[in-house]
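As given, the protein sequences belong to chains A and B, one line each in that order.
With the numbering used here, letter number 155 in the first sequence gets 165, and the count goes up by one each step, no holes.
With the numbering used here, letter number 136 in the second sequence gets 146, and the count goes up by one each step, no holes.
Notes follow the structure.
2 protein chains.
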Amino acid sequence: MISVLRIGHRPYRDKRITTHVALVARAFGADSIFIDTHDDKIEETVHSVCNRFGGNFSIQTGVSPMKIIKKWEGSIVHLTMYGETVKESLKVLDTKKDLLLIVGAEKVPPQFYDIADINVAVGNQPHSEVAAVAIFLDRFTNQSWEHDQFDGEMTIIPSKHGKKVISTDDNKK
Amino acid sequence: MISVLRIGHRPYRDKRITTHVALVARAFGADSIFIDTHDDKIEETVHSVCNRFGGNFSIQTGVSPMKIIKKWEGSIVHLTMYGETVKESLKVLDTKKDLLLIVGAEKVPPQFYDIADINVAVGNQPHSEVAAVAIFLDRFTNQSWEHDQFDGEMTIIPSKHGKKVISTDDNKK
Chain A
11 MISVLRIGHR PYRDKRITTH VALVARAFGA DSIFIDTHDD KIEETVHSVC
61 NRFGGNFSIQ TGVSPMKIIK KWEGSIVHLT MYGETVKESL KVLDTKKDLL
111 LIVGAEKVPP QFYDIADINV AVGNQPHSEV AAVAIFLDRF TNQSWEHDQF
161 DGEMTIIPSK HGKKVISTDD NKK
Chain B
11 MISVLRIGHR PYRDKRITTH VALVARAFGA DSIFIDTHDD KIEETVHSVC
61 NRFGGNFSIQ TGVSPMKIIK KWEGSIVHLT MYGETVKESL KVLDTKKDLL
111 LIVGAEKVPP QFYDIADINV AVGNQPHSEV AAVAIFLDRF TNQSWEHDQF
161 DGEMTIIPSK HGKKVISTDD NKK
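Now the structure itself:
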């Protein structure tokens, strides 16, 4: 079980970035995302993607981060540009344990740095929490996302040119 | 030389996502980004990061994508969820050649699918162009970004807890 916990989400300002974080979580092997602030729009977008493209990814918004953290029984990683390198973190993290991956929007309060088992940086340069989630999950899961089958109504077939899409909905008609 | 070409950028709607694309390009080993629509704000943000954190990354907005493409002498890759897998693409791409990495915001016109040497998908699931740029550059450069030195005024030291920042500006005072 891998879950992403998005904290400091501001629906107006962060709508698109948090949506990207959620979809990246789903595509790179997470099972769910929790978002601290209630946001119907993001829930709708994620449900729509899951309905069309499959998988069992779930989303819950309007959660208390500390409640999620306190009842979490696996590892807790906080992604921040100030953290330890991914390589070093994977020497101490047990990748067989459940993972809660905390990723902040606005400035993250100090208690999250303290409560995490480890703070991890995907590079110590400023870039994007969207990329950080993707690269960290890529490493943590040992690239297993490349072989994930989502079995949705829509399946895209890799193609050097053009678009190849299989829609099982079409087949039913 | 690796450049990212962002097409279909709409300053109001895409400001934050395109900024993340630019910063990810810089952090994961690209030398520059070209953005089709003129956008002073993104230029300012990227210059500010480069001034503080170093490196020789450059940004140019308000460019003609077709002019850039026509004079490009290396490989041209278009990132799209409909494309070939990254693994397959790296069997045909010469990673020693210059790379132009095209990444769209709104719906990408068909001519870009045709003009690219190869269309590449970072997974065939909907997620984020920010993550796609990060993962593709990670693979294309064989993770060399992990060892990049930016030599900026500000350097962050990896840390399991807390924040460790060295500022050469402080040293001068």
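Backbone N, C-alpha and C fix where the C-beta goes; we use that ideal spot for every residue, glycine too.
Legend entry - Short CB-CB distance (under 9 Å) between Asp49 (chain B) and chain A: Asp49 (chain B) is outside the set of residues whose beta carbon lies under 9 Å from a beta carbon in chain A.
Inset, instruction - Let me know if Glu54 (chain B) comes out buried or exposed under the rule of 16 or more other beta-carbons within 10 Å of its beta-carbon. - result: Per the 10 Å Cβ criterion, exposed.
Inset, instruction - State yes or no: is the C-beta of Asp46 (chain A) within less than 9 Å of the C-beta of Thr29 (chain A)? - result: The answer is no: Cβ separation not under 9 Å.
Legend entry - Which of helix, strand or coil DSSP assigns to Val235 (chain B): Past the edges of chain B, shown from 11 to 183, lies residue 235 (chain B), and the structure says nothing about it.
Legend entry - Against chain A: residues of the region 125–141 of chain B by CB proximity under 7 Å: Those residues of the region 125–141 of chain B that come within reach of chain A (Cβ to Cβ, closer than 7 Å) are Ile128, Asn129, Ala131, Gly133, Asn134, Gln135, Pro136, His137, Ser138, Val140, Ala141.
Legend entry - Cα-Cα separation between Leu109 (chain A) and Asn66 (chain A), rounded to whole angstroms: Spanning the two alpha carbons is a distance of roughly 17 Å.
Legend entry - For Thr74 (chain A), three-class secondary structure by DSSP: Per the sequence shown, residue 74 (chain A) should be read as Ser rather than Thr. Coil at Ser74 (chain A), not helix or strand.
Inset, instruction - Under 7 Å between beta-carbons, which chain B residues line up against Met76 (chain A)? List them in chain order, please. - result: Neighbours of Met76 (chain A) on chain B: none; closest Cβ ~18 Å, over 7 Å.
Inset, instruction - Pull up the distance between the alpha-carbon of Ser138 (chain A) and that of Ala144 (chain B), whole angstroms please. - result: Using only the alpha carbons, I get a separation of about 10 Å.
Legend entry - Among A:Ala40, A:Arg23, A:Pro120, nearest to Ile52 (chain A) - alpha-carbon criterion: With distances taken between Cα atoms, Ile52 (chain A) lies closest to A:Arg23.
Legend entry - Cβ-Cβ separation, Ser85 (chain A) to Ile43 (chain A) (assumed contact under 8 Å), whole Å: Not quite, the Cβ-Cβ distance comes to about 17 Å (not below 8 Å), so this is no contact.
Inset, instruction - Quick one: residues in its chain with C-beta nearer than 7 Å to the C-beta of Lys106 (chain A), no 5 flanking neighbours on either side, listed in chain order? - result: Hits under 7 Å: none found.
Legend entry - Pro75 (chain A) versus A:Lys101, A:Ala131, A:Phe122, residue with shortest Cα-Cα distance: Looking at A:Lys101, A:Ala131, A:Phe122, the one whose alpha-carbon comes closest to that of Pro75 (chain A) is A:Phe122.
Inset, instruction - Can you say whether Met11 (chain A) is buried or exposed, counting buried as having 16 or more other CB atoms within 10 angstroms of its CB? - result: Burial call: exposed.
Inset, instruction - Please go through the same chain and pick out, in chain order, the residues whose beta-carbon is closer than 7 Å to the beta-carbon of Lys183 (chain A), but skip the five residues on each side of it. - result: Note on Lys183 (chain A): pLDDT 41, under 50, position unreliable in the model; the coordinate value appears next. Within the same chain, Lys183 (chain A) has no close Cβ partners at all.
Inset, instruction - Output yes if chain C places a C-beta closer than 9 Å to the C-beta of Leu33 (chain A); else output no. - result: No chain C is part of this structure, whose protein chains are labelled A and B.
Inset, instruction - Assuming Asp127 (chain A) contacts Phe38 (chain A) (C-beta within less than 8 Å), just tell me the rounded distance between them. - result: Actually they do not touch by this definition, with Cβ atoms about 20 Å apart.
Inset, instruction - Check Ser42 (chain A) in the structure and name its three-state DSSP category. - result: Strand, per DSSP.
Legend entry - Pro136 (chain B) to Glu83 (chain A) span [Cα, whole Å]: Rounded to whole angstroms, Pro136 (chain B) and Glu83 (chain A) show a C-alpha spacing of 30 Å.
Legend entry - Contained beta strand (DSSP E) runs [length at least 3] in the region 106–166 of chain A, N- to C-terminal order: Segments of the beta strand (DSSP E) lying fully in the region 106–166 of chain A: 109–114, 128–131, 164–166.
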